[in-house]
Amino acid sequence: MHIGVLKGNGIGPEITAATQHVLEATGLPLEWVDIAIADEAIAAHGHPLPPETVKQLRDVKLSIKAPLIVNKLQGRISCIQPGGTSQTYPSLNNAIRRELRLFVNPRPIRGFPGISGRHEKLDVIIMREVTEDVYIGHEHQIGDDIAAEAIKLTTRAAATKVANYSFEYARKHGRKRVTCLHKANVLNFTDGLFLRCFQEVSNDYPEIEADDMMIDAACYTIVRDPLRFDVIVASNQYGDIFSDLAAGLVGSLGLAPGANIGDNASTFEASHGAAPDIAGKGIANPLALILSGAELLDAANQPKEAKAVRDAVRNVVQARTALTPDLGGSGTTDSLAAAVAAEVKKL
Ligand code: NAI
Ligand code: MG
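Following the UniProt record's numbering, the numbering of the sequence shown begins with 1 at its first residue and continues without gaps.
Below is the structure:
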């Protein structure tokens, strides 16, 4: 089984090695395909996301993606399209998602007993639409530092696609409720359309409860009433912010995995960034990327191994012996990964 590997920057290479170690412990015949991105791709091909990289990601289909230092590239990325035109994206992560048509960023967030306090029973999955909204990067200045404006894009096609994905997921995984987050009372057209598409799709899933909540009320509610939510669907920016909030409630960004799913290719990445403040120190928490690796195994139709990785992480976190400093321990990236790998072998 071939798996693409984008090592990323900052803590990226450290947590990638840790994740490979744990996935190898499942005993699956994994073959890693190193794919150049950002600085490495600039050195090899003169572009942070060259057509060679896009093609490799498509060919291999499933890739582990470590975080990238987005601002290192000083902003916008232009990619040549098949017809010879070019498309400009506001960041490298945005470019990867849109070049590969990765339309949804599912972020499962679960509490851990003994770590997550009153949120230890939190168990939500946030389905964040990732191809449009204000993150299309169509913004400009007006006058000389006088004002600036940005376009917020919502299309029926993208809103329907992410809603469909969310309800299908709920049906497949026995989830009971899907909640749409929005601000349609203010943004009648954009969020109004997002909500309407959600409600239309919900009619095809009568066995699943469908409801909606204003994004600000949802932030308040998830803090006070962690069991209120199940599957959550949100547009790009709300989903981005709300998922970091949920990760904070369970104890660390280092526990929050994620993926970017497309019809033909997917990447699996932690919710957190490249953490330059702790890079090279060997203390980064690799669990979010390891748990993203479990999501990859699910996508590769290896549910038994995926579950073993998830259970191993849970057992090691509960034992509290090898935890990294963000979780109050004195372990290292490698010792934590070694503990999880040993646990995987036992399961
Ligand atoms: P960040 O998530 O990298 O770090 C925020 C805080 O959480 C820092 O104190 C960091 O040390 C800590 N942290 C994050 N992940 C951790 C882990 N695995 N173990 C222990 N502690 C962890 O966010 P920040 O500082 O805003 O961004 C740093 C860089 O990462 C920026 O260049 C940003 O653009 C980039 N970034 C990349 C993302 C991606 O590639 N998917 C996502 C978010 C940010
Ligand atoms: Mg974010």
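Glycine is no exception: its CB is placed at the ideal position from the N, C-alpha and C atoms.
CB contact flag (residue i, residue j, <8 Å)
i	j	result
A294	V309	yes
G254	A306	no
N236	E129	yes
F242	I69	no
A66	T16	yes
I37	T53	yes
L291	V317	no
I11	A279	yes
A274	G8	yes
I151	H182	no
L62	G4	yes
G258	A246	no
L195	C180	yes
G239	N105	yes
F189	D212	no
residue 358	V33	The structure shown does not extend to residue 358, since the chain is modelled only from 1 through 347, so no value can be given for it.
A184	V233	no
L296	I64	yes
L49	A41	yes
T267	I146	no
G282	E14	yes
K172	F103	no
Extent of the continuous beta strand (DSSP E) run through residue i
i	result
P106	L102 to R110
I80	I77 to I80
Q141	E139 to I142
L62	L62 to K65
D34	E31 to D34
G273	Run containing G273: none; DSSP gives neither H nor E here.
I3	H2 to L6
Close Cβ partners of residue i (< 7 Å) along its chain, the five nearest in sequence each way excluded
i	result
L193	T154, R156 and A159
S86	S78, C79 and I80
P29	M1
R58	L100, N264 and A265
A300	M1 and L62
S149	Reading off the sequence, residue 149 comes out as Glu, not Ser. Cβ neighbours of E149 beyond the five flanking positions: E139, H140 and I142.
R224	none
Residues near residue i by beta carbon distance below 6 Å, same chain, minus five either side
i	result
T221	R228
R101	G262
V231	I125, S166, A170, R175 and V178
T88	R76 and S78
E345	Note that residue 345 is Lys in the sequence shown, not Glu. Once the five neighbours on either side are set aside, the close Cβ partners of K345 are A25.
D334	none
D326	S252, G254 and N285
V134	A150, K152 and Q237
Y205	F167
Residue i: first and last residue of the uninterrupted alpha helix (DSSP H) it sits in
i	result
D212	Segment E209 to M214 is the beta strand (DSSP E) holding D212; no alpha helix (DSSP H) there.
T332	Segment: none, T332 is in no alpha helix (DSSP H) and carries neither H nor E.
H21	G12 to E24
R196	T190 to S202
residue 367	This structure cannot speak to residue 367, because the chain is shown only from 1 to 347.
R97	L92 to E99
S292	L287 to A299
D244	N236 to V250
D39	A38 to H45
Cutoff 8 Å; reference residue i; Cβ partners in own chain excluding five residues on either side
i	result
E132	L153, T154, T155, A158, S235 and N236
V250	I109, R110, G111, F112, I115, S116, H119, E120, L122 and A256
I35	G4, V5, L6, T53, Q56, L57, V60 and S63
P226	G111, R118, H119, K121, L122 and L249
Bridge partner(s) assigned by DSSP for residue i
i	result
D326	Answer is none; D326 lacks a bridge partner.
L153	D133
residue 360	The chain is shown only over 1 to 347; residue 360 falls outside these bounds and no answer can be derived.
residue 356	The question about residue 356 has no answer here: the residues shown for the chain are numbered 1 through 347.
I261	V104 and S266
A148	Q141
CB contact check: residue i to chain B, cutoff 8 Å
i	result
P113	The structure shown contains no chain B, having only a single protein chain.
For the ligand MG, which residues count as neighbours when the test is a C-beta closer than 7 Å to any heavy atom? Residue selection by CB proximity (closer than 7 Å to any heavy atom of the ligand MG) returns D240, D244 and S271 in chain order.
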